[in-house]
Amino acid sequence: MKPSSVIFGLGIALPVASPSLSLALAGLVLSAQGVMSATRLCAQVLPPRACPGRGMTIAPVFSVHVAIHSEPPEIVIATLDSLRRQTWPVPDFEVIVIDNNTSDPALWRPVERYCASTGRPFRFFHRMNVRGAKAGALNIALRRSRPDATHVVTVDADYRVCRDFLRIAADALAATGADYLQFPQAYVAEDSAGRGVERELEEYFSFDARQADGAKAVLLTGTLSVVAKAAIEAAGGWSGSTATEDAELGVRLCARGFTGRYVDRVVGRGMLPLSLRDLERQRYRWASGNLRTLLLHGGGLVSGRGGLSASRRIAIGSQLAAWLNLSLIPAGLLIGSLLSREAHPALLALCGISLFVSLIENLARVSLHKGSLAMPGIAVPAMACRLALAPSAARATIDALFSRSQGFAVTSKAVHRRRALPLPVDQMVCFAFGLLVLPLAFAAGPPAVLGALVLLLPLPASLFTARDLGRYQLSVLRSAPEAIR
Numbered sequence: 308m309k310p311s312s313v314i315f316g317l318g319i320a321l322p323v324a325s326p327s328l329s330l331a332l333a334g335l336v337l338s339a340q341g342v343m344s345a346t347r348l349c350a351q352v353l354p355p356r357a358c359p360g361r362g363m364t365i366a367p368v369f370s371v372h373v374a375i376h377s378e379p380p381e382i383v384i385a386t387l388d389s390l391r392r393q394t395w396p397v398p399d400f401e402v403i404v405i406d407n408n409t410s411d412p413a414l415w416r417p418v419e420r421y422c423a424s425t426g427r428p429f430r431f432f433h434r435m436n437v438r439g440a441k442a443g444a445l446n447i448a449l450r451r452s453r454p455d456a457t458h459v460v461t462v463d464a465d466y467r468v469c470r471d472f473l474r475i476a477a478d479a480l481a482a483t484g485a486d487y488l489q490f491p492q493a494y495v496a497e498d499s500a501g502r503g504v505e506r507e508l509e510e511y512f513s514f515d516a517r518q519a520d521g522a523k524a525v526l527l528t529g530t531l532s533v534v535a536k537a538a539i540e541a542a543g544g545w546s547g548s549t550a551t552e553d554a555e556l557g558v559r560l561c562a563r564g565f566t567g568r569y570v571d572r573v574v575g576r577g578m579l580p581l582s583l584r585d586l587e588r589q590r591y592r593w594a595s596g597n598l599r600t601l602l603l604h605g606g607g608l609v610s611g612r613g614g615l616s617a618s619r620r621i622a623i624g625s626q627l628a629a630w631l632n633l634s635l636i637p638a639g640l641l642i643g644s645l646l647s648r649e650a651h652p653a654l655l656a657l658c659g660i661s662l663f664v665s666l667i668e669n670l671a672r673v674s675l676h677k678g679s680l681a682m683p684g685i686a687v688p689a690m691a692c693r694l695a696l697a698p699s700a701a702r703a704t705i706d707a708l709f710s711r712s713q714g715f716a717v718t719s720k721a722v723h724r725r726r727a728l729p730l731p732v733d734q735m736v737c738f739a740f741g742l743l744v745l746p747l748a749f750a751a752g753p754p755a756v757l758g759a760l761v762l763l764l765p766l767p768a769s770l771f772t773a774r775d776l777g778r779y780q781l782s783v784l785r786s787a788p789e790a791i792r
């Protein structure tokens, strides 16, 4: 049983066992929410500093690394084909494909044959028993990169990049003088299907990454990242200590004084998660991995060890906290308080307010950026997506706080014509408890009512999002091969 399930159960029982401890815990959670909100606000209001580019005296030599594990070969080959068409001079880049721990040769052999047949600087490696998941694979690619490579470029297996990607990266390196760059993640979307999910995912880049750019402290997000090879080596390479090896490396790069910039230009598009379950697993990994990274490096971020300025520390903290959700604890306390019928009014107020504040902040973040309110057809699905993912983010936050064990779940990219839709269990549990305590909440006052209503929302939101992703998967099938190849 995961810590989140235990903590949720204890939260329900605690108001009866110890009302005073419950009150203190609810106050602590609300305070932590305030700290996270304040950090994000500080990151937003800190004025961006001028970042004069140092310029580059020589043209960069790129080593493009594509780490794959049990990926559909046709999708990987489409990505490699987009890299083969780059306008950047062939002598100045290579592509290393590293397949790790894929047991089925039918998945990796076609990719190996493609790399051998291109006549371009493509190299393929298949390795079993690789430790550290994607981080371990990227370290193998790093060791295999050509000696004269100046920059490592990471591209996910499903990301088709534009023909000028490497040339754009070279221009951005010259213009900014940065040690590493992060481009935004964007997604293939042939029609309105999936637009809300895409907008929900885009919020991180349009807010957190853009704000961090002013402090030259943008964290890596794993794909479309361009990093000086010397900087990666100086930081000790990729680490599998957390499930978000990209963000963790970004923190170490900043701690060593390297500068990272966000380039707000779409240079490649990948595939959205094809089901709600895949989307939940992705969000769980992001939230738990970033919190583990925050706990791992939190001492230095708080104390300023290593010479990190306050603006850079705040920017790093804001990015790492982007997916965190502390609502599981006040939800359990609220349910237990209402069921006990003996709860302290202050406890009910704290829990209800905590849940409502979390709801409003999350909805505001996805609805207020880039004029989303003027496009309700996108804003509403984006808000539904954020609500649907709230239980996964809440579980991930608690699991990362109380457990060191973290797995790396690859987001499935296999497109199926018929895929069973699993029941959204977490959302159903929230809905059932919300429905159970709602009549009791009306007698307890407005904060309790607000809290109970918040518990009801993830289920309809998840059903809406699952349907949207189902339409997206069908649109990908209809537009194949263009949408995937």
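Each residue of the sequence shown is one higher than the one before, starting from 308 at the first, in this note's numbering.
Beta carbons are placed, not taken as given, at the ideal position from N, Cα and C, and that holds for glycine.
Predicted, not measured: the structure shown is a model, and the values here were computed from it.
Contact with chain D by residue 434, beta-carbon distance below 8 Å: Absent from the structure: chain D. Only one protein chain is present.
Ranges of the alpha helix (DSSP H) found wholly within the region 694-779, counting only runs of at least 4: Fully enclosed alpha helix (DSSP H) runs of no fewer than 4 residues occupy 732-751, 753-763 of the region 694-779, in order along the chain.
Member of 746, 660, 464, 557 whose CA lies at the smallest distance from the CA of residue 386: 464
Which of helix, strand or coil DSSP assigns to residue 358: Its pLDDT being 47, under 50, residue 358 is placed unreliably in this model, and the value from its coordinates should be taken loosely. Here residue 358 sits in coil by DSSP.
Touch test, the region 419-435 against the region 509-516, Cβ-Cβ under 8 Å, three pairs minimum: no
Inter-stretch contact (C-beta, 8 Å, three-pair minimum) for the region 520-529 and the region 447-455: no
Residue 489 in three-state terms, based on DSSP: Strand.
As assigned by DSSP and simplified to three states, the class of residue 436: If DSSP states are grouped into helix, strand and coil, residue 436 belongs with coil.
Any 3 or more C-beta pairs closer than 8 Å across the region 628-637 and the region 585-605: yes
Buried or exposed (CB count within 10 angstroms, at least 16 for buried), residue 401: buried
Three-state secondary structure (DSSP) of residue 374: Strand.
Neighbour-count burial assignment, residue 313, 16 or more Cβ in a 10 Å radius: exposed
Residue 369 Cβ short of 7 Å to the ligand MG heavy atom set: This structure lacks the ligand MG, and indeed carries no ligand of any kind.
Backbone CA spacing between residue 393 and residue 767 [nearest angstrom]: 44 Å
Residue 604: first and last residue of the uninterrupted alpha helix (DSSP H) it sits in: 583-610
The region 474-484 touching the region 594-614, judged by at least three CB pairs closer than 8 Å: no
Contact set for residue 690: own chain, Cβ-Cβ below 6 Å, skip 5 residues either direction: 670, 673, 674
Expected contact under 8 Å - CB spacing of residue 777 and residue 663 to nearest Å: 31 Å between Cβ atoms; not a contact.
Under the three-state DSSP convention, the category residue 392 falls into: Coil, per DSSP.
Pairwise C-alpha distance: residue 566 and residue 788: Confidence at residue 788 is low in this model, with a pLDDT of 49, below 50, so its placement is unreliable and the value that follows should be read with caution. The straight-line gap from Cα to Cα measures roughly 39 Å.
Nearest residue (CA-CA) to residue 622, options 709, 523, 480: 523
Beta-carbon gap between residue 796 and residue 571 smaller than 8 Å: Within the shown structure, residues of the chain are numbered from 308 to 792, placing residue 796 beyond reach of any answer.
Rounded separation between residue 613 and residue 336 - CA only: Whole-angstrom Cα-Cα distance: 30 Å.
Local Cβ density within 10 Å of residue 729, reported as buried at 16 or more and exposed below that: exposed
Neighbour-count burial assignment, residue 771, 16 or more Cβ in a 10 Å radius: Taking every protein chain shown into account, the CB of residue 771 has 16 or more other CB atoms within 10 angstroms, so this residue is buried.
C-alpha distance - residue 761 paired with residue 447, whole-angstrom precision: Roughly 46 Å between the two C-alpha positions.
Cβ-based burial, residue 667 [other Cβ within 10 Å; buried from 16]: exposed
Option nearest residue 489 by Cα separation, candidates 459, 469, 470, 533: 533
Span of the beta strand (DSSP E) around residue 514: Run containing residue 514: none; DSSP gives neither H nor E here.
Contiguous alpha helix (DSSP H) assignments of at least 4 residues, all confined to the region 497-568: Whole alpha helix (DSSP H) segments, 4+ residues: 502-510, 517-520, 536-542, 552-562.
8 Å Cβ cutoff met for residue 318 and residue 640: yes
Alpha-carbon to alpha-carbon, residue 376 and residue 408: 6 Å
Contact check, residue 404 vs residue 574, beta carbons under 8 Å: no
Closest Cα partner of residue 617 within the set 561, 658, 493: 561
For residue 408, three-class secondary structure by DSSP: Coil.
Whole-angstrom distance between residue 763 and residue 742, CA atom to CA atom: 7 Å
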